[in-house]
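Q:
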């Protein structure tokens, strides 16, 4: 029986003296935080923090943090369980060993994650931002890339534009990211705007261009 199963069984025993409400929910939540000094670090050199949370009816009652090495009550209702589990050698050993499982999984998954490269898709869209000033908002959409580290720059006629706006990095939920970098400008005839992207999946920077009156941007890899 795993840690969650042992804790759940003990929890039921701890509250068996009272009739449970008609609708209630037990939740076990576990998470691992891993900090590596550098890419490719050996599993034994990775700092691991394992946190287990026991939740009843949407309220966290008890928490185990590997940094402390014991269960602690988060709410008054969790105090009996925390005391009980801290007194159970097998439960404590399983909880403390979970950090080693995280470290092992890091060793298995890290090479895959580190070597995985997905090239971003680039596209420029333009919208009228301020009709009174005839300004245009150019949006460089950079989508579906991995890893997250990326550098995006705007250029006007070969000169870098510093006054840009950037959205936060968005997780797509499929191990890829997307982001937008926006430039507010007043285009003039003959101007050429370039969105340049540097990413680990490219051997050289990738660029996409936009010109006033152009219906679409032209990609240049």
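In mature numbering (1 follows the signal peptide of the UniProt record, and there is no 0), the protein residues as written are -17 to -1, 1 to 204. Even glycine gets a Cβ: it sits at the ideal position worked out from N, Cα and C.
1) Taking buried to mean at least 16 other C-beta atoms within 10 Å of its own C-beta, is residue 49 buried or exposed?
2) Counting C-beta neighbours from all protein chains within 10 Å, is the total for residue 77 16 or more, i.e. buried, or is it exposed?
3) Given a cut-off of 8 Å on the beta-carbon distance, is the pair residue 129 and residue 100 in contact?
4) Could you give the first and the last residue of the continuous alpha helix (DSSP H) run that contains residue 69?
5) On a CA-only basis, which of 59, 102, 53 and 36 is nearest residue 188? Give me that one, please.
6) Please state whether the Cβ-Cβ distance between residue 12 and residue 36 is less than 8 Å.
7) Which residues share a DSSP beta bridge with residue 179?
8) Which two residues bound the contiguous beta strand (DSSP E) that contains residue 37?
A: Concretely, from the data shown:
1) buried
2) buried
3) yes
4) 62 to 69
5) 102
6) It is a contact, given that the beta carbons lie within the stated cut-off.
7) 136 and 190
8) Unbroken beta strand (DSSP E) run through residue 37: 30 to 39.
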